[in-house]
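Take a look at the structure below.
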Amino acid sequence: MERHPHGGGSVRGWCSGCSSDWGRKWMDISPTMQLSEADFLDSLLVLGFSKEVNDMLLQLYQQQGPQVCSVLSQMRPTLPEYHSLEWRLDVHVSRRALRQQLCPVMTLCLALTEGGTGEQSTRRLLQARPSTLLHLLRELESALDAMKSTHTRRILRNVK
């Protein structure tokens, strides 16, 4: 049986029926949010754990939070950052080979810097038809509208 890292019962027992993987994941994520004690307890209330489980999780959070945060900051991948965007609209005028009279294509040149250093720069060329860009725009707008729903706001309020 897997034991709780700080003594006590089994990992499954301290988590009140949830999987030990979920408990580990929660303890990995919460220090990166740098929650206060009250915010941490509020986020646990939504999950419906007993008071003793909440107190045990708070104790783990306070003891292991800084260590988990430092390890995660060392393991964090370096993501490319936006540097500049250039665009061009190309239009093929009608020819015999084309059935349509106009065939527009949007060309985007996205410049990215690696890992925030600003030294290494990569360029990505993207091409799309205006209809594809309009579809992408509609999908992004619907995602933003979904973020405004009451259900999503309730979840975000408990996460923050």
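Residue 31 in the UniProt record's numbering sits at position 31 of the sequence shown; the count goes up by one each step and never skips. Note that the Cβ used here is the ideal one computed from N, Cα and C, for glycine as well.
Exposure of residue i, with buried meaning 16 or more beta-carbon neighbours within 10 Å
i: Pro-5; result: With a pLDDT of 45 at Pro-5, under the threshold of 50, the predicted position of this residue should be treated as unreliable, though the coordinate-derived value follows. The residue in question, Pro-5, is exposed, as its Cβ has fewer than 16 Cβ neighbours within 10 Å.
i: Leu-125; result: exposed
i: Leu-156; result: exposed
i: Ser-149; result: exposed
i: Leu-134; result: exposed
i: Leu-140; result: exposed
i: Leu-60; result: buried
i: Gly-48; result: exposed
i: Arg-154; result: exposed
CB contact flag (residue i, residue j, <7 Å)
i: Val-93; j: Pro-104; result: no
i: Leu-110; j: Leu-89; result: no
i: Ser-50; j: Asn-158; result: no
Given residue i as reference, the closest of the options once Cα atoms are compared
i: Glu-81; options: Trp-87, Glu-119, Gly-65; result: Glu-119
i: residue 206; options: Phe-49, Gly-65, Asp-55, Ser-121; result: Outside the shown range of the chain, which is 1 to 160, sits residue 206, and nothing can be said about it.
i: Asp-55; options: Arg-138, Ser-70, Leu-79, Ala-38; result: Ala-38
i: Trp-87; options: Arg-123, Arg-138, Val-53; result: Arg-123
i: Ser-121; options: Thr-132, Gln-63, Leu-79; result: Leu-79
Supposed close pair residue i, residue j - CB separation, criterion 8 Å
i: Ala-143; j: Thr-152; result: Not a contact, Cβ separation roughly 10 Å.
i: His-83; j: Leu-112; result: 6 Å
i: Leu-58; j: Leu-41; result: 6 Å
i: Met-106; j: Pro-77; result: The pair is not a contact, with the Cβ atoms about 30 Å apart (cut-off 8 Å).
At 3 residues or longer, and completely inside the segment 95 to 145: list those beta strand (DSSP E) runs for me, N to C.
102 to 113, 121 to 128
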